[in-house]
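Residue numbering for the sequence shown is 3 to 746, as defined by this note's numbering.
We treat Cβ as the ideally placed atom computed from N, Cα and C, and that holds for glycine.
Reading through the structure tokens given below for one structure.
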Amino acid sequence: MRSGCQVVLFLVCANLLLAQGQTSKTDWEAKFRAIPSADRQREYMERLAARPHHVGSPYDKSNAEWLESTFKSWGFDTKIETFDVLFPTPKERLVEMVEPSKFVAKLQEPTVPGDPTSGQHSEQLPTYNAYSIDGDVTGPLVYVNYGIPEDYEQLDRLGISVKGAIVIARYGGSWRGIKPKLAGEKGAVGCIIYSDPRDDGFFHGDVFPTGPWRPKDGVQRGSVMDMPLYPGDPLTPGVGATTSAKRLDIKDATTITKIPVLPISYADAQPLLAALKGPVAPFSWRGALPITYKIGPGPAKVHLKVKSNWDIKTIYDVIVTIPGSEYPDEWVIRGNHQDAWVNGADDPISGLVAEMEELRALSELLKQGWKPKRTIVYCAWDGEEEGLLGSTEWAEEHADALKQKAVAYINSDSNGRGYLGMSGSHSLEEFINGVARAIEDPEKKISVWKRNQLRRILNARSDEERNELRSRPDLRIGALGSGSDYTVFIDHLGVASLDLGYGGEDGGGIYHSIYDDIYWYTHFADTDFSYGRALSQTAGTAVIRLADADLLPYDFTEFSSTVHRYLDEIKRLLKGMQDQIKERNREITEGAFTATADPKENYVPPSPEDIPPYLNFAPLDNAVTTLTASAERYDKAAKRVMQSGTAFSATLIRSVNAKLIETERALTSSEGLPGRPWFKNLIYAPGLYTGYGVKTIPGVREAIEQKKWKDAESETQRVARALENEALLIDSAAAELEKALGTQ
Ligand SMILES: [Zn+2]
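This is how it looks when you write it as structure tokens:
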């Protein structure tokens, strides 16, 4: 059955490559995709997830050394690069209710019978949020739903302040670090985050070990470092955390939280929430616990204590280099992290084992005589969970080389059963669609691209969307915010990046708990590792194509049309705010809020606000028009080159590629984004108040959201200049190709 599929794959990719006049590469790709083995991925997982392997643990180091010796045994030039980073681990943790009754939270995840690794308590990190500041605070409790900006607006309407209070927020709605950040800004003295069963527990299905969902004592660990300011070691922003690096004092590290924070289970949260009085929570705030959700403040009064060992720990990045034969100074980089919060079978080992099988398959090709044209760098990052430590420190340390040489970075993290998730730089949208067309879905035996398209058609919300899905040659890819190791590459260095992974058919609630382990993964996720194999085939095919293409496969037409869409979104955002504020001011004048307020309930009507001014988007409109024209010109020239079938000189290819590599860097600014200079990409960034969630054209978009109108206009001009520069580079690459074609 399997060999039959390979014949189909071979034909699909033969056609694609024939169209590009590159028949000789067909064999290598087809050979490559036949090699990754699902059984081997299971074996690797059994080794890597056998014990807890967080930063600083003996098994983290042991895994890095095992990866190094395994890669060496496959014939690769492999080394471990170490960095020394600040990594707090808990010394004291306490959540207790002191009024109206006494209750002490357990803060402990119990062993599950039948799950062999859940009982490795002496090696497990306790449940906590890394980079919470130390603190010992007592205050009335307030329930703040997800603890995101909209929730605080709602609290304002109810006349509830969190000043001096301890807030309890549920996981979800934003990246977790936003919750203590916003609570602190609103005057809260402490923050508790819990997992509500509505979001990842019994509301969805059977809980572990009967089913995959979060059991009552399961806790989500996680970093609360203020990553939208800068990720990586809090003491060495912008430089590699080598032994000799200059370090900030801990008190000057701005990414450590301002108030103490601890995560708890829903078994621990229920008595606290049940002791709250005050208004009943709005409908959308209610979770699935068998209580009436109320907001407080109090009468529940809570004592929260967090104290950490603020140690410097060594992290181990495992780096494999495969030198390129023709363009050794152009690097294709591939990475997945190797550290976990506990055993981490799903996060990250399910992605790492796929990456390992790619590497083994590449070693087979090399033995058979394959010579990649570009240098390929494979990385297994340490310290991702704490704040993207391994990838950030490595890329900061090698920033100069990467700025010159990096062609693309391909990331994966966890992997599961279902559909191919594709996000990244839009200059690679056409490229990754091409890869997806060449990969067979293990369950349906159609291409993973086709399966993805059909699902999107079913889920589309309008005819317009369905029409586009049926007629546009490529599926749109999502933009990257933050949340995994691509962050430093795309956001700090301006390296075109992709994040890939399968999922969508299995749910679960073991994220960052002791139950994310081999038992859970092999019972409830990609149990036969067939999607692990598909991920190896997908990411590996992308690496091979990027490494062997003569002309780098960037496409700017989809990039420019995507930037156009972002600009339209921003215009709609401003218009929406103007309309909304205009209407609300009118309702205030009409007395609508006072007339409808229930006198038996507390209600604070909104105050009138200035209507947002019209902004001048003309510089951006003009820049996008110029960019679109340049993109089309380059597209035409590049297509002619591919169709011509002629061999162009290596000097020409090198010179054009150098310009293409520059185009991604042109999207960055050395000053970075307003208030966060580490983030240098002017098109993509994680939101200051969303965390993982992306904000595209962030300088302009966030200035509008924060009602900083002057900044919005100056940022508009700055982004416009960057796009004009981008257009010039693209034009000059096109001109070179046109000249070469003219002289053929
Ligand atoms: Zn991960």
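Just to check, is the beta-carbon of P350 closer than 6 Å to a non-hydrogen atom of ligand 2? Absence of ligand 2 is noted for the structure shown, with ligand 1 being the only ligands found.
Within 6 Å: the Cβ of D487 and any heavy atom of ligand 1? Not under cutoff, so the answer is no.
Whole angstroms are fine: how far does the CA of D476 sit from the CA of T665? Take the alpha-carbon of T665 and the one of D476: they are about 22 Å apart.
Is it buried or exposed for A620, if we count other Cβ within 10 angstroms and need 16 for buried? A620 comes out exposed.
Tell me whether D501 counts as near ligand 1, meaning its Cβ is closer than 6 Å to at least one heavy atom of that ligand. For ligand 1, not one heavy atom lies less than 6 Å from the Cβ of D501.
Give the straight-line distance between the Cα atoms of K260 and I195, rounded to the nearest whole angstrom. Roughly 15 Å separates the two Cα atoms.
What three-state label does DSSP hand I479 in the structure shown? Coil at I479, not helix or strand.
Start-to-end residues for the beta strand (DSSP E) that takes in D501: DSSP places D501 inside the beta strand (DSSP E), whose first and last residues are 499–506.
Simplified DSSP assignment, three categories, for W383: Per DSSP, reduced to three states, the secondary structure at W383 is strand.
Helix, strand or coil at T25 according to DSSP, with G and I counted as helix: Low per-residue confidence applies at T25: pLDDT is 39, beneath 50, and the placement is therefore not dependable, though the value from the model is reported in the following sentence. DSSP places T25 in helix when its eight states are reduced to three.
Beta carbon of D402, beta carbon of D341: below 7 Å? Taking 7 Å as the Cβ cut-off, D402 and D341 do not qualify as a contacting pair.
Give a yes or no on whether the C-beta atoms belonging to N147 and G224 are separated by under 7 Å. Cβ atoms of N147 and G224: not closer than 7 Å.
Does the beta-carbon distance from G542 to E360 come in below 7 Å? With contacts defined by Cβ atoms closer than 7 Å, G542 and E360 form a contacting pair.
Can you find the residues in the same chain that come closer than 7 Å, C-beta to C-beta, to E715, ignoring five residues on each side of it along the sequence? Excluding residues within five positions, the ones whose Cβ falls inside 7 Å are L617, N618.
Using 10 angstroms around the beta-carbon of G6, count the other beta-carbons present and answer buried if the total reaches 16, otherwise exposed. Confidence in G6 is poor, its pLDDT being 31 and thus under 50, which makes the residue's placement unreliable; the coordinate value appears in the next sentence. G6 is exposed by the Cβ-count criterion.
Is the beta carbon of L684 sitting closer than 7 Å to the one on S672? No, the Cβ-Cβ distance between L684 and S672 is not below 7 Å.
Going by DSSP, name the residue or residues bridged to T238. Bridge partners of T238: none, in fact.
Please state the DSSP three-state secondary structure of V87. Strand.
Distance between beta carbons of I317 and V87, contact taken as under 8 Å: Yes, V87 and I317 are in contact; Cβ-Cβ is about 6 Å, under 8 Å.
Quick one: Cα of E70 to Cα of E395, how far? When rounded, the distance between both Cα atoms is 19 Å.
In chain order, what residues of the same chain lie with their CB nearer than 6 Å to the CB of L654, ignoring the 5 residues before and after it? If we look at L654 and ignore the five residues flanking it on each side, its Cβ neighbours are A742.
Nearest-angstrom Cα separation, counted from N624 out to G677: A straight line joining the alpha-carbon of G677 with that of N624 spans about 27 Å.
Measuring from the CB of D415, is there a heavy atom of ligand 1 at a distance below 6 Å? It does: the Cβ of D415 is within 6 Å (strictly closer) of some heavy atom of ligand 1.
Three-state secondary structure assigned by DSSP to E603: Coil, per DSSP.
Hey, out of I297, W287, F285, I258, whose CA is closest to A276's CA? It is I297.
Kindly say whether Y523, judged by its beta-carbon, lies nearer than 7 Å to any beta-carbon of chain D. Here there is only one protein chain, and chain D is not present.
Taking C-alpha atoms, which residue in Y636, S657, R642, Y605 lies nearest to R159? The shortest CA-to-CA distance from R159 to any of Y636, S657, R642, Y605 is the one to Y605.
Run through the stretch 263–341 for me and flag every whole beta strand (DSSP E) of 3 or more residues, listed as ranges in chain order. Complete beta strand (DSSP E) runs here, min 3: 263–266, 303–324, 329–339.
Stretch pair the stretch 588–596 + the stretch 125–145: three plus CB contacts closer than 8 Å: They do not touch, by the three-pair rule.
Check for me: the alpha helix (DSSP H) holding L743 runs from which residue to which? Residue range 711–744 is occupied by the alpha helix (DSSP H) that includes L743.
Three or more C-beta pairs under 8 Å: does that hold for the stretch 341–357 against the stretch 77–93? These segments do not touch.
Tell me which same chain residues have a C-beta within less than 7 Å of the C-beta of K218, skipping the five on either side of it? In the same chain as K218, and ignoring 5 residues on each side of it, the C-beta atoms closer than 7 Å to its own belong to S267, Y268, A269, in chain order.
What residue range is occupied by the uninterrupted alpha helix (DSSP H) comprising E598? Contrary to the premise, residue 598 reads as Thr rather than Glu in this sequence. Per DSSP, T598 is one residue of the alpha helix (DSSP H) stretching across 594–598.
The stretch 163–176 touching the stretch 201–210, judged by at least three CB pairs closer than 8 Å: By the Cβ criterion, the stretch 163–176 is in contact with the stretch 201–210, since at least three pairs of Cβ atoms, one from each stretch, lie closer than 8 Å.
For V282, count the other beta carbons within 10 Å of its own beta carbon; 16 or more makes it buried, fewer makes it exposed. Which is it? Here V282 is exposed. Its C-beta has fewer than 16 other C-beta atoms within 10 Å.
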